[in-house]
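>
Residue numbers (our numbering): 495 to 1164.
#1: Would you call the region 969-977 and the region 886-901 touching, i.e. three or more CB-CB distances under 8 Å?
#2: For the structure I just gave you, are there three or more beta carbon pairs, one from the region 577-590 and one from the region 649-664, closer than 8 Å?
#3: Count the C-beta pairs between the region 835-843 and the region 740-750 that are closer than 8 Å, then say yes if the count reaches three, no if not.
#4: I need the straight-line Cα distance from residue 518 to residue 526, nearest angstrom please.
#5: Can you give me the Cβ contacts of residue 1043 inside the same chain, cut-off strictly under 6 Å, excluding the 5 residues immediately before and after it?
#6: At which residues does the alpha helix (DSSP H) containing residue 487 begin and terminate?
#7: Using 8 Å as the cut-off, can you tell me whether the region 692-711 makes contact with the region 721-728, which would need three or more C-beta pairs spanning the two stretches below that distance?
#8: Go ahead and label residue 914 buried or exposed: buried means 16 or more other beta carbons lie within 10 angstroms of its beta carbon, across all protein chains shown.
#9: Between the C-alpha atoms of residue 849 and residue 683, what's the straight-line distance to the nearest angstrom?
#10: What residue from 511, 516 and 532 has the CA that sits closest to residue 584's CA?
#11: Whole beta strand (DSSP E) runs in the region 920-990 with 3 or more residues, listed along the chain?
#12: Residue 713: buried (16+ other C-beta within 10 angstroms of its C-beta) or exposed?
#13: Is the separation between the beta-carbon of residue 1040 and that of residue 1012 shorter than 8 Å?
#14: Could you spell out the range, first to last residue, of the beta strand (DSSP E) harbouring residue 771?
#15: Would you mind giving the Cβ-Cβ distance between residue 749 and residue 822, rounded to the nearest angstrom? I have them listed as a contact below 8 Å.
#16: If you follow the beta strand (DSSP E) that residue 497 is in, where does it begin and where does it stop?
#17: In the DSSP assignment, what residue or residues form a beta bridge with residue 1134?
#18: Our contact map puts residue 800 next to residue 736 with C-beta atoms below 8 Å; I'd like the distance itself, whole angstroms only.
#19: Closer than 8 Å is the cut-off here; do at least three beta carbon pairs connect the region 939-951 with the region 1023-1030?
#20: Would you mind sorting residue 1141 into buried or exposed? The rule is 16 or more other CB atoms within 10 Å of its CB.
#21: Kindly indicate the opening and closing residues of the beta strand (DSSP E) around residue 1077.
#22: Using only CA atoms, which one of 1117, 1159 and 567 lies nearest to residue 1087?
#23: With DSSP run on the structure shown, which of helix, strand or coil describes residue 510?
#24: Going by beta carbon distance, what residues of the same chain come within less than 7 Å of residue 702, once the five residues before and after it are set aside?
#25: Below 7 Å CB to CB, which residues in the same chain sit around residue 605 once its five sequence neighbours on both sides are set aside?
#26: Here's a check: name, in chain order, each residue in its chain whose Cβ is nearer than 8 Å to the Cβ of residue 773, leaving out the five neighbours to either side.
#27: Any idea if residue 854 is buried or exposed, counting beta-carbon neighbours within 10 angstroms, 16 or more meaning buried?
#28: What are the partner residues of residue 664, as DSSP defines its beta bridges?
#29: State the beta-bridge partners of residue 712 as determined by DSSP.
#30: Once DSSP output is grouped into helix, strand and coil, what is the label at residue 869?
#31: My assumption, with CB atoms under 8 Å, is that residue 777 sits in contact with residue 798. Please give the rounded CB distance.
#32: Just the Cα atoms here: how many angstroms apart are residue 474 and residue 565?
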């Protein structure tokens, strides 16, 4: 590939590179800045943004920005554009034409073209600053100044004066980032040098809010992996940790450590040890904290382990922090316990034996025998957690009584009453004493409530032998202007229908939204419901095709988004042990055909993940002479429900129903 072609191709890979070197923060396309660390604060508010269709980045904290090549240059300390592009091609496995071919291809360029290319590719190098004198001044302030806040902060973090002096820590009572406007207020900061050309400044104030939280840790100058000297001059195993204070904590406890300073430095670390192997085995001990987008420490640890294994460098993964977020938290919580854990790691052969034994025991717990008691306990618990009837006798028979834990998908073409059918089941669930959570991605709460009241009004006139004209449609219930023309019988019917709905409405919880309900929000709502009520609900989602993409799937295809949503909904049903009922549309090409698994193909691999797959169709669909338009006409429509998949019961069953669209009612029958 020519370099011109590669340049355009590589520009579009910025997002992939960003996701490989850092982690998401709060906000769409916002990340923790791999240069200054902004976005690691208490509220995880990101300042590093990817924009311009994923081809540009900007950090609003440190002020840096540019394209993929600029980011590679700054994170990997590569100066000229050619080397940055070569590195980008290496990362994304793109083969570039040789320099001779590159020059040959550019022989016909005009002076103007050459000038444009120079302007586009010339990179302005940041001047190197030597902070040695500033570090000396900061150390004087820390150890000999009248302001003792710096020493008090270090004591609170478990760091002794001896360790602080050894690693050149300092303190500035009033610090401001060199690139910040003078209007930015000064703050007291602990200074941790990376080397003479850069440092990290850590705000030591408590109870920070707003922007101050975002800028609690700020980097200046060149950011390096900290204490690499230990890799080649240590008499004990070397812990690989994330933060500077984590490194100091390991050292306080009698170990030796190197700090990556950010999980984005994994590739740089592997490059370093690949050139010269460490003199001692390595112990991977990154953070345990959960962050936006998953556990960044776990992901980086896996990358480290994979890279070290390929390089043939001895290592072991060890959770030295125990139940705590990171080594410094563990040191502060219990110094003696943490010290014992660090010293245990210093005897790496013994630790390796312990780890292998623990891993073996964990693996053996996968045997069926190990879970037999859990299986028996589950049978006992099921006595108190019965199945949930749908309210339709023919469907309950096929489902072996009703809904169990699992994912149920109800599909069909338009105008067949999918939502009506599902919401009638929802009402039946509530009538039988179970809670129902409804996530309506298209219809409003008012519409769904009116559907139920309309159904009740029609049911009432049929049961009591009244004239059907008295029953009310959705519009007849929600349009208040019509009430002045209603007779007393009609008003009584509406009021009685509302009262009837009120008898079980307390067990129905409706969440409405358009484009903003994702599987994450569904999971969180289910969790809150169980915590607040102590009851496990039946979940209804209407409908699958307009569910919001999961985090990280914003730019995926529709099929990928739906496949991921189905997988997450299945996980929700499994994790909470509840039924989840999802409505799905058919592809347009399936409208006139008989319902089958192929009908769901355009919507992703639904049939593979669900436990029960139900297809709703007009009676006679797929038969010769079937008229799809005529089947949707009339006050009463004959519809069929086909059981296409039933993991634990009958399949290939066709159940017949009558659908009354005006009054949102479905009944069993021929």
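Heads up, the beta-carbon is just placed ideally off N, CA and C, and yes, glycines get one too. Just so we're clear, the structure is a prediction, and the values are computed from it rather than from any experiment.
So, to answer that:
#1: no
#2: Between the region 577-590 and the region 649-664 there are fewer than three inter-stretch CB-CB distances shorter than 8 Å, so the stretches are not counted as touching.
#3: Below 8 Å, enough C-beta pairs join the region 835-843 and the region 740-750 to call them touching: three or more.
#4: One-based indexing of the chain shown puts residue 518 at position 24. One-based indexing of the chain shown puts residue 526 at position 32. Roughly 6 Å separates the two Cα atoms.
#5: Here residue 1043 is taken as the residue at index 549 of the chain shown, counted from 1. Take residue 1043, set aside five residues on each side of it, and the residues of its chain with a beta-carbon closer than 6 Å to its own are 1055, in chain order.
#6: In the structure as shown, the chain begins at 495 and stops at 1164. Residue 487 is therefore absent and cannot be evaluated.
#7: no
#8: Here residue 914 refers to the residue found at position 420 when the chain shown is read from its first residue. Residue 914 comes out buried.
#9: The count along the chain shown starts at 1 and reaches residue 849 at position 355. The count along the chain shown starts at 1 and reaches residue 683 at position 189. Taking the straight line joining both Cα atoms gives about 40 Å.
#10: Working through the chain shown from its first residue, we reach residue 584 at position 90. The shortest C-alpha separation from residue 584 is found at 511.
#11: Qualifying beta strand (DSSP E) stretches, in chain order: 930-934.
#12: Position 219 of the chain shown, counted from the start, is the residue given in the question as residue 713. That one is buried.
#13: The sequence position of residue 1040 within the chain shown is 546, counting from 1. The sequence position of residue 1012 within the chain shown is 518, counting from 1. No, they are not a contact pair.
#14: Sequence index remark: in the chain shown, residue 771 carries index 277 (1-based). Careful: residue 771 lies outside any beta strand (DSSP E) and carries neither H nor E.
#15: What you label residue 749 is simply residue 255 of the chain shown in a count that begins at 1. What you label residue 822 is simply residue 328 of the chain shown in a count that begins at 1. Residue 749 to residue 822, Cβ: 13 Å. No contact.
#16: As a working note, residue 497 is residue 3 in the chain shown. Where residue 497 is concerned, there is no enclosing beta strand (DSSP E), although the alpha helix (DSSP H) it sits in stretches over 497-505.
#17: Start at 1 with the first residue of the chain shown, and residue 1134 comes out as number 640. According to DSSP, residue 1134 bridges with 1111 and 1150.
#18: Taking the chain shown and counting its residues from 1, the one referred to as residue 800 is at position 306. Taking the chain shown and counting its residues from 1, the one referred to as residue 736 is at position 242. Contact between residue 800 and residue 736 is absent: CB atoms are separated by about 18 Å, not below the 8 Å threshold.
#19: no
#20: In the chain shown, residue 1141 corresponds to position 647, counting from 1. By the neighbour-count rule (16 or more Cβ atoms within 10 Å), residue 1141 is not buried but exposed.
#21: Along the chain shown, one-based indexing puts residue 1077 at 583. From DSSP, the beta strand (DSSP E) with residue 1077 extends over 1073-1079.
#22: Counting from 1 along the chain shown, the entry for residue 1087 is found at position 593. Per the Cα distances, 1117.
#23: Along the chain shown, one-based indexing puts residue 510 at 16. Helix at residue 510.
#24: Indexing the chain shown from 1 puts residue 702 at position 208. Excluding positions up to five away in sequence, the list reads 710.
#25: Within the chain shown, the letter at position 111 stands for residue 605. Legend: pLDDT at residue 605 = 35, less than 50; position of this residue unreliable, value from coordinates given subsequently. Non-local beta-carbon contacts of residue 605 in its own chain, meaning distances under 7 Å to residues more than five positions away in sequence, are absent.
#26: Position 279 of the chain shown, counted from the start, is the residue given in the question as residue 773. If we look at residue 773 and ignore the five residues flanking it on each side, its Cβ neighbours are 725, 726, 727 and 728.
#27: Position 360 of the chain shown, counting from 1, holds the residue named residue 854. Residue 854 comes out exposed.
#28: Position 170 of the chain shown holds residue 664. Paired residues: 685.
#29: Along the chain shown, one-based indexing puts residue 712 at 218. Residue 712 is bridged to 695.
#30: Residue numbering aside, residue 869 sits at position 375 when the chain shown is read from its first letter. Residue state, collapsed to three classes: helix.
#31: If you number the chain shown from 1, residue 777 lands on position 283. If you number the chain shown from 1, residue 798 lands on position 304. Contact flag wrong, Cβ pair sits at about 11 Å.
#32: An answer regarding residue 474 cannot be provided, because it is not within the stretch 495 to 1164 covered by the chain.
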